[in-house]
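To start, the structure under review is shown below, and the notes come after it.
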Amino acid sequence: QEQDDKNNNDMMNINEQPKEGDQNMKAETEGERLKPSEKKEKNNQDPESNKDNDGKVGTKPESGGGSNLTVENFLSMCPEQALLIEKRDSTIGWIKWVLCAVFVYLLVSPLLPLFAGKVSDKGWVLAFLVIPIVLIIWSYIEYWARGECWYICICRGIILDMEKTFKAPQWLCTFPMYFVYFFMLTVAVLYAISYEPTTDEGDLGEEEDTKEWERYVSAVLYLLGIVFIISLTKDVVDVEGAPKILSLNLFIHMLGDAKVLEARGYKVVHYTQLGKYIEERDPSKEFSWNEIYQLSHEVHPEGATKWNLTWGCKTASLLRPLKDLTN
11 QEQDDKNNND MMNINEQPKE GDQNMKAETE GERLKPSEKK EKNNQDPESN KDNDGKVGTK
71 PESGGGSNLT VENFLSMCPE QALLIEKRDS TIGWIKWVLC AVFVYLLVSP LLPLFAGKVS
131 DKGWVLAFLV IPIVLIIWSY IEYWARGECW YICICRGIIL DMEKTFKAPQ WLCTFPMYFV
191 YFFMLTVAVL YAISYEPTTD EGDLGEEEDT KEWERYVSAV LYLLGIVFII SLTKDVVDVE
251 GAPKILSLNL FIHMLGDAKV LEARGYKVVH YTQLGKYIEE RDPSKEFSWN EIYQLSHEVH
311 PEGATKWNLT WGCKTASLLR PLKDLTN
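In this text, residue positions in the sequence shown follow my numbering: the first is 11, and each later residue adds one.
Take a look at the structure:
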């Protein structure tokens, strides 16, 4: 009887144990009840489920980083550039000379009466006036060339990081602005030399009133001219600025991540690095865009500074014939 009782207990224990098929069905049922977000959270909490065959936790491979940063990789990832190339070609085309002529006219036209006035026979005075005008015009050409370099580089996957001028103390201290300050000082002196207010016939009181009125008008017009010239030059030196929204360069700068677009094959290179590369490059060596990809996004201590007003034209003259190179 004891043996029969023992056999009965064993049979009951066997019946109480869940079968393997029942366990799988139960797991599948629980899995169906879980929401997709809960499944993802559960998998993230379980590192064992992310292990590969070697027992190591698997990670998603990064694309476009490291050694993959080449012009060939960029062109394969971003083949559609028709509009970007069209904008680049228009920037480096003849339109720049038309805009330069408009800039010169806006800069010089308010001074035409002064040229025809009493200072026209004083050569040394005119020299002081012409010199800052020529330097401002040259600054316009130089900064336009820097914009050409940016467009040429962006079409090859290089984001050329420029001098930061999005704050007033920054763009007010750029080199071309000092030419503007000298220009305004020279104009003020010339106006003081040539100032002869006209008066109507009348007594002495009316003559004094006329002089006072013309003095105020001249002061207001001079202040408006200062504001106009400063704003005109600000649009030249603020290369990375944009009227309403952030430009690409400022977005990367304020984000603080120079690698944010490397997944799409882009590489950020500082303009001082590019300027130093152009300066030290062997002309007999064949050019390759992949050499630019090796440059850093940090400021080069020996590279072009903000006082250099030639690197833009030099770099643009080298890159223009190479703008469509694919290696």
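C-beta atoms are modelled at their ideal positions from N, C-alpha and C, and glycine is treated no differently.
Which listed residue (the options) has its alpha carbon closest to that of residue i
| i | options | result |
| --- | --- | --- |
| S228 | A178, V197 and W181 | V197 |
| I168 | W154, N318 and C159 | C159 |
| V199 | L93, R291 and V135 | V135 |
| R98 | N78, L271, R330 and Y161 | Y161 |
| N78 | I240, T320, C88 and E272 | E272 |
| F297 | T336, E96 and K286 | T336 |
| P120 | N318, E173, K286 and L231 | L231 |
| V118 | K106, L94, S294 and L145 | L145 |
| F189 | E224, P142 and L234 | P142 |
| P331 | E308, W299 and P89 | W299 |
| L319 | L182, M194, Y153 and L139 | Y153 |
| E82 | C183, T184 and Y276 | Y276 |
| C183 | L233, F193, K244 and I151 | K244 |
| I239 | L94, M187, H263 and G251 | M187 |
| G322 | N259, S257, I151 and F84 | I151 |
| V246 | E173, S86, L233 and E90 | E173 |
| G263 | L329, I147, F84 and F176 | As written in the sequence, residue 263 is His, which differs from the Gly given in the question. Here the closest residue by C-alpha is F176. |
| E90 | A137, L122 and C165 | C165 |
| Q180 | D292, S306 and G251 | G251 |
| P293 | H307, E308 and L329 | L329 |
| D308 | K333, V279, K295 and F185 | Here residue 308 turns out to be Glu, not Asp, going by the sequence shown. Nearest option by C-alpha distance: V279. |
| L284 | C163, G103, S86 and S100 | C163 |
Coarse secondary structure for residue i, derived from DSSP in three states
| i | result |
| --- | --- |
| K106 | helix |
| L170 | strand |
| C183 | coil |
| N337 | coil |
| S47 | Annotation note: pLDDT 47 at S47 (below 50); position unreliable, no value reported. |
| V278 | strand |
| W317 | coil |
| L271 | coil |
| C88 | coil |
| Q283 | helix |
| K177 | coil |
| I255 | coil |
| K295 | coil |
| G266 | coil |
| T80 | coil |
| E290 | helix |
| E308 | coil |
| G75 | Residue confidence for G75 is low, a pLDDT of 41 falling below 50, so the modelled location carries little weight; the figure read from the coordinates is stated next. In the structure shown, G75 sits in coil (DSSP, three-state: anything other than H, G, I, E or B). |
| V249 | coil |
Exposure of residue i, with buried meaning 16 or more beta-carbon neighbours within 10 Å
| i | result |
| --- | --- |
| Y5 | There is simply no residue 5 to check, as the chain begins at 11 and stops at 337 in what is shown. |
| L170 | buried |
| P253 | exposed |
| D248 | buried |
| V237 | exposed |
| S149 | buried |
| A155 | buried |
| G266 | exposed |
| K36 | Residue confidence for K36 is low, a pLDDT of 47 falling below 50, so the modelled location carries little weight; the figure read from the coordinates is stated next. Burial call: exposed. |
| R274 | exposed |
| Y115 | exposed |
| E301 | exposed |
| Q304 | exposed |
| A202 | exposed |
| V108 | exposed |
| E312 | exposed |
| G157 | buried |
| A326 | buried |
| F139 | The identity of residue 139 in the sequence shown is Leu, whereas the question assumes Phe. Buried, because 16 or more other Cβ atoms sit within 10 Å of the Cβ of L139. |
| A268 | buried |
| I102 | buried |
Check: residue i C-beta below 8 angstroms from any heavy atom of the ligand HEM
| i | result |
| --- | --- |
| C159 | As far as ligands go, the structure on display features none, and thus does not contain the ligand HEM. |
Going along the chain, which unbroken runs of the alpha helix (DSSP H) with 4 or more residues stay wholly within the stretch 132-171?
133-164
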